[in-house]
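Enquirer:
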Amino acid sequence: MVRLVKALVATLALVTLVLGMISPVQAETVTIKMGTDKGQLAFEPKVVTIAVGDTVKWVNNKAFPHNVVVTGHDELSAKKLMQKPGQQVEATFTEAGEYDYYCTPHRGAGMVGKIVVKG
């Protein structure tokens, strides 16, 4: 009986030690520029890969009016135009998948991007 109690105590101590070493995964925020530093009509970077629960922050980098429309996902979109540099919008991605997005006024100029969310 004493051996059983000692084994149980040792097992509980080991489990406590292991659980104490495991740190919770923290969600990250990835920044995407709306307009390049050289003034091109593009998202920079164009494609990003994130984990479920991460947030994407789009920042208006230049003076052009920009927005973000995530195809098929109004809840992740920011359709209102951002007119000034530094304006920003964020979206948190809670499901794995691929999300295409674009800037409404500059879509024809190729201002499109993709978010790849890994589960």
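Residues in the sequence shown are numbered from 330 upward in steps of one, following our numbering. In this text, a Cβ means the ideal position worked out from N, Cα and C, and glycines have one as well.
V446 and E424 - do their beta-carbons sit closer together than 8 angstroms?
Expert: Stepping through the sequence shown from its first residue, residue 424 is reached at position 95. Stepping through the sequence shown from its first residue, residue 446 is reached at position 117. Cβ distance < 8 angstroms, so E424 and V446 count as in contact.
Enquirer: Quick one: grab the DSSP three-state call for D429.
Expert: Position 100 of the sequence shown, counted from the start, is the residue given in the question as residue 429. In this structure, D429 counts as strand in the three-state DSSP scheme.
Enquirer: State the beta-bridge partners of F372 as determined by DSSP.
Expert: Within the sequence shown, the letter at position 43 stands for residue 372. In DSSP, F372 forms a bridge with M363.
Enquirer: For H435, count neighbouring C-beta atoms within 10 Å of its own C-beta (all shown protein chains included) and say buried if the count is 16 or more, exposed if not.
Expert: Numbered from its first residue, the sequence shown carries residue 435 at position 106. Flag for H435 reads buried.
Enquirer: How big is the Cα-Cα spacing for L405 and I444?
Expert: Residue 405 sits at position 76 when you count from the first residue of the sequence shown. Residue 444 sits at position 115 when you count from the first residue of the sequence shown. So the two alpha carbons sit approximately 11 angstroms from each other.
Enquirer: For a test of your reading of the model: does the CB of S406 fall under 7 angstroms from any non-hydrogen atom of the ligand SAM? Yes or no.
Expert: Absence of the ligand SAM is noted for the structure shown, with no ligands found whatsoever.
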